[in-house]
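Trainee:
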Amino acid sequence: MNFRIRRRRIFEGKAKVLFEGPEPGTLVQYFKDDASANNDQKRGVIRGKGVLNNRISEYLMTRLGEIGVPTHFMKRLNMREQLVRQVEIIPVKVVVRNVVAGSLSKRMGIPEGTVLPRSIVEFYFNKDELGNPMVSDEHITAFGWASPQEIDEIMALALRVNDYLSGLFLGIGLRLVDFKLQFGRLWDNDELRIILADEISPDNCRLWDVKTNEKMDKDRFRCDLGRVEEAYQEVARRLGIMPEAASLKPESEK
Ligand code: TMP
C-alpha cells in the first residue's frame, strides 16, 4: 500500500515529506534521497539515504523513548516511511555541540576539532529563507515561540539526548561532534508536553570516526569529500541495522 498515492500531502521539505496519517493526530513521514546544503545553494541526491535515515532515526528515537525521552516516533511502516505523532512544531532548531565544527568554527575562528569545555546548546530560528538565523531565549519568549518553562524543558531534553547518544555512538567508534533537534508540543491528558520530533540521522548530526577522525555524516556531501553513500551505510552497519542492498535503490529503479 503506497501512502504517497493515497494520503494527503501536509508538507514537503528538502529531505522529507509529511502525509496525513491513517488516524487523526498521526502523520506519515517519508524519507527522500534528496539532499541540500548551504541554505539550499547546493542540491543533490544521496542514493539510499532515505532508507538509511528512516532506519537510523527509528533506531535512535526508539532507544531515546526507552530512556524516557518523549518522541513523536510511533513505528516504521516500510523502507522509507514511518508513522509519527502529529505535534505543533516549535519553529526553533536546537543545536547541541560537543566539539567545534561547522558554523561555530567559522563564526568564532576556532579550529575544527577543538573539544568544548562543556556541551553548548544553541537556538536557530527555523526559517530557511532567512538562512536560519541564530536566536537567544529572549527572542524565543518575546516572539512567543515557546515559554521560559518550555525552553528549560527543551534544554534539559537536548542535553539528555546528547549524553545518551554520545555514549551510544562512542560504543560504535563514532564521536558525536554536534547535532540538530526539533521539538513540538502535544496535549497529553490535559497536559501540554514537549516532544522530540523530526529525525536524528547523519543528515543532522556530525559523526567522526574515533580513531581516524574521518567524517561519517552529511559534511561529506556539504564539503564534496566523496564516499557519501558509504558513510551513511557505515553508520547503519555499525548500529547493526544495515538494510539489504536492494532496498537502497530508488523506487523508480525497482
Ligand atoms: P552548523 O555547524 O552548520 O551550525 O550545524 C551544527 C549541526 O546542526 C550539524 O550537525 C548540522 C545540524 N544542523 C542541521 O541539520 N540543520 C540546520 O538547519 C542547522 C542550522 C544545523
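Position 109 of the sequence shown, counting from 1, maps to 110 under the working numbering, and the rest follow consecutively. Glycine included, each C-beta is placed from N, C-alpha and C at the ideal position. These numbers come from a predicted model, not from an experiment.
Buried or exposed for Ser148, please, with buried defined as at least 16 other CB atoms from any protein chain shown within 10 angstroms of its CB.
Mentor: Translated into the one-based positions of the sequence shown, residue 148 becomes position 147. Counting C-beta atoms within 10 angstroms of its own C-beta, Ser148 has fewer than 16 neighbours from the protein chains shown and is therefore classed as exposed.
Trainee: Would Leu53 and Gln234 be called neighbours here (beta carbons separated by less than 8 Å)?
Mentor: What you label residue 53 is simply residue 52 of the sequence shown in a count that begins at 1. What you label residue 234 is simply residue 233 of the sequence shown in a count that begins at 1. Contact: yes.
Trainee: Does at least one heavy atom of the ligand TMP sit under 7 Å from the Cβ of Phe180?
Mentor: Within the sequence shown, residue 180 is the residue found at index 179, counting from 1. Indeed, a heavy atom of the ligand TMP lies less than 7 Å from the Cβ.
Trainee: Taking all protein chains shown into account, decide if Asn163 is buried (16 or more other Cβ within 10 angstroms of its Cβ) or exposed.
Mentor: For the purposes of this step, residue 163 is identified with residue 162 of the sequence shown, where counting begins at 1. Buried.
Trainee: Can you give the Cα-Cα distance for Ala237 and Lys43, rounded to whole angstroms?
Mentor: Numbered from its first residue, the sequence shown carries residue 237 at position 236. Numbered from its first residue, the sequence shown carries residue 43 at position 42. C-alpha separation (whole angstroms): 25 Å.
Trainee: If Lys94 sits next to Gln183, beta carbons under 8 Å apart, how far is it from one beta carbon to the other, in whole angstroms?
Mentor: Locating residue 94 in the sequence shown gives position 93, where the first residue counts as 1. Locating residue 183 in the sequence shown gives position 182, where the first residue counts as 1. 6 Å between Cβ atoms; contact.
Trainee: Can you check which of these residues, Ile173, Val101, Arg9, Arg228, is closest to Lys212 by C-alpha distance?
Mentor: Locating residue 212 in the sequence shown gives position 211, where the first residue counts as 1. Scanning Ile173, Val101, Arg9, Arg228 for the CA closest to the CA of Lys212 turns up Ile173.
Trainee: Please return the same chain residues whose Cβ sits closer than 8 Å to the Cβ of Pro92, not counting the five positions on each side in sequence.
Mentor: Sequence index remark: in the sequence shown, residue 92 carries index 91 (1-based). Excluding sequence neighbours, Pro92 sits near Phe126, Asn127, Lys128, Trp146.
Trainee: Taking 7 Å as the cut-off, is the beta-carbon of Asn133 closer than that to any non-hydrogen atom of the ligand TMP?
Mentor: Walking along the sequence shown from the start, residue 133 turns up at place 132. Correct: Asn133 has its Cβ closer than 7 Å to the ligand TMP.
Trainee: Say whether the region 62-71 touches the region 203-222, bearing in mind that this needs 3 or more beta-carbon pairs closer than 8 Å, one atom from each stretch.
Mentor: no
Trainee: Cα separation between Gly168 and Asp218?
Mentor: Here residue 168 corresponds to residue number 167 of the sequence shown, with the count starting at 1. Here residue 218 corresponds to residue number 217 of the sequence shown, with the count starting at 1. Rounded to the nearest angstrom, the two C-alpha atoms are 18 Å apart.
Trainee: Would you say Gly51 touches the ligand TMP, meaning its beta carbon is less than 7 Å from a heavy atom?
Mentor: The residue you call residue 51 lines up with position 50 of the sequence shown. Checking the Cβ of Gly51 against the ligand TMP gives no.
Trainee: Which residue wins for smallest C-alpha separation from Glu59, given the options Val88, Phe32, Gly45?
Mentor: Position 58 of the sequence shown, counted from the first residue, corresponds to residue 59. When each option's Cα is compared against that of Glu59, the closest is Phe32.
Trainee: Can you find a heavy atom of the ligand TMP that lies under 7 Å from the Cβ of Asp204?
Mentor: For the purposes of this step, residue 204 is taken as residue 203 along the sequence shown, with counting starting at 1. Checking every heavy atom of the ligand TMP against the Cβ of Asp204, one is found closer than 7 Å.
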